[in-house]
Every structure is written in structure tokens, then in C-alpha cells.
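Note sheet for the following structure.
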Ligand SMILES: Nc1ncnc2c1ncn2[C@@H]1O[C@H](COP(=O)(O)OP(=O)(O)O)[C@@H](O)[C@H]1O
Ligand SMILES: [Mg+2]
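In this note's numbering, the protein residues as written are 1 to 273.
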């Protein structure tokens, strides 16, 4: 059995390509025949919007409704299958809404099992998927603690920007603290650098710095995702760059990243291979 199936996509900063990576890695895995569930764990709901939900706050069943009865005994139980959307490209996902922010505060006030809410919520479908990718928010609060509790592995994502590198250090410390406090192993299955433009000194310096800080500790993927406007165009069209422009450099990079990811989590190649 694959022990790295629930993977948190993490950085302590926003705007550093977590959501783009979750989406594209999900599509690349689904193309290879893996059963993939993406969970939007960010109250900014960018993943939900990228996956075609224009008004996530108006949705009846999202991660928010799924977690609610686990926090509030008076709330009606929700079947997780009502919260899962099925896309034509084979991907499944659970959207999110802003109201999860208020619920997160409520989770923090629970007397027992406050770090296990997400774990319990996903329990029924855990075995239905080869990979469950959790698109995390930048803030590392109670929801992020829940993500640490349920995940087997974390994929760190960064741009070569100073801010993003600081976010990497904070996320790395958080994973270590969580592993220790929750008494579990969280395998960092890669560090991916995105929005790279080698023409600029700033990019080259940032990459060097990431190498210096993390190369001994984590597998930094040699494949990096270049900075291209087509990625933002794809986002606006609510499709992954892999589907929008499969021959583009970022799409090819995400395909290569998918192979590196699979190698790192111990399942190289396509599912049928
Ligand atoms: N390779 C890329 N080239 C150009 N723009 C990108 C690339 N990857 C992501 N972006 C853009 O960067 C912004 C932030 O990306 P996003 O994935 O939402 O970050 P996060 O989830 O970390 O906040 C988005 O507008 C996205 O379209
Ligand atoms: Mg995001």
C-alpha cells in the first residue's frame, strides 16, 4: 500500500503557486490513471474557482458543511459523497467556502480531538483514492494542524522570491513541530520551485538560496516551473495549464514534476505500469 497518499501542498505565504501546483499535479496524476481527490483547504477558495465553481460560497455542500457536524453536535450529518464533485478529466474535488474561517475558530475551542476533525471527515473515502492532495492556506492555524494530522506527506512549493523562501522556512518548521507534537512522521516528498525566469538575477539568487537552505534536508526537484503568462491565462479559463496548453513549457514541467513526485512517494510510472 502506498503510504504517502494524503499530501499537503504547503508554504506559509500566499501567491507562491500552491493552488496552481495542486491543480496541475492532480491533473497529471489523473492522466496517469490514478484516482485523485483534491481538497480545497483554503478559505480563499482559489482551487474551487480554478476547478470551475464560480461562486463557492453559494454551494450547498463543501468542506465547510462536511466539517460542521464534527464540530457542532447540533448540525446535521453530511455524507462526504455529497461534497465531492466529479470532473470530466477524471479528477474529484471538494470545494471550500469562506465560512470555514469561522468554523476554524470553533474547531479551536473543542475540548477533544480538535486536531482530528479533517482526519475523521476524510475517513470514509481514504481508501477510494490513490492520492488526496490538500491545497493549504498560507496561515498555519487550526486547520493546518488538522492537515498535518491527516497527511502522510507534504510537498513544499515556492517561488524564488525572498518572501516565499521565508514562507518555506516557516512551513518547514511547522511540519517539524507538528510531527513532534502529533507523534507522527510527515515525509517531505519534494520541494518544487515555480515561476522561475533564469534571465533575471533575482530568480537565480533565489534558487541558490533555496538550494543552500534546504538541499540537505529535502529533495529539491531539479525540474522547475517557468514563469509564463499562459499559466495565469489557464487559471482565468478555469483549466489547468496541462489541459490549456499541453505543449507549453509549464505544462511539460508539471508533467516532469509529476514523475519526480511519483518517484519520491514510491510509485514511479503510470498506475497500470
Ligand atoms: N508558472 C507560472 N507562471 C506565471 N504565473 C503563475 C505560474 N504559476 C502560478 N502563477 C500565478 O501566480 C498566482 C499565484 O498562484 P497560486 O497558485 O494561486 O498561489 P498560492 O496558492 O500559493 O496562493 C496566480 O495568479 C497564478 O495564476
Ligand atoms: Mg492558493
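Where a beta carbon is used, it is the ideal one built from N, C-alpha and C, also for glycine.
Residue i classed as buried or exposed, judged by whether at least 16 other C-beta atoms fall within 10 angstroms
| i | result |
| --- | --- |
| residue 123 | exposed |
| residue 205 | exposed |
| residue 74 | exposed |
| residue 222 | exposed |
| residue 232 | exposed |
| residue 167 | buried |
| residue 185 | exposed |
| residue 126 | exposed |
| residue 195 | buried |
Collapsed DSSP secondary structure at residue i in the structure displayed
| i | result |
| --- | --- |
| residue 193 | strand |
| residue 40 | strand |
| residue 188 | strand |
| residue 135 | strand |
| residue 147 | helix |
| residue 268 | No answer about residue 268 holds up, because its pLDDT of 45 lies below 50 and its placement is not dependable. |
Nonlocal neighbours in the same chain, by C-beta distance under 8 Å from residue i, ignoring five residues either side
| i | result |
| --- | --- |
| residue 273 | Its pLDDT being 38, under 50, residue 273 is placed unreliably by the model, and the measurement read from it follows with that caveat. There are no such residues. |
| residue 120 | 70 and 113 |
| residue 279 | Given a span of 1 to 273 for the chain in the structure shown, any question on residue 279 remains unanswerable. |
| residue 244 | 230, 233, 234, 237 and 251 |
| residue 66 | 78, 80, 83, 94 and 121 |
Same chain, Cβ closer than 7 Å to residue i, neighbours up to 5 away in sequence not counted
| i | result |
| --- | --- |
| residue 24 | 240, 241, 242 and 254 |
| residue 28 | 242, 254, 255 and 258 |
Residues near residue i by beta carbon distance below 6 Å, same chain, minus five either side
| i | result |
| --- | --- |
| residue 92 | 37, 84 and 86 |
| residue 40 | 47, 48, 95, 96 and 135 |
| residue 8 | 134, 136, 147, 151 and 154 |
| residue 101 | 43 |
| residue 45 | 56 and 96 |
Are the stretch 139-156 and the stretch 102-115 in contact at 8 Å, needing three or more beta carbon pairs? A contact exists between the stretch 139-156 and the stretch 102-115.
Just checking, does the stretch 198-212 make contact with the stretch 155-163 on the three C-beta pairs under 8 Å criterion? Contact between the stretch 198-212 and the stretch 155-163 is present, because at least three Cβ pairs lie under 8 Å.
Three Cβ pairs or more, each shorter than 8 Å: is that satisfied between the stretch 37-49 and the stretch 161-179? Cβ pair count under 8 Å is below three, so no.
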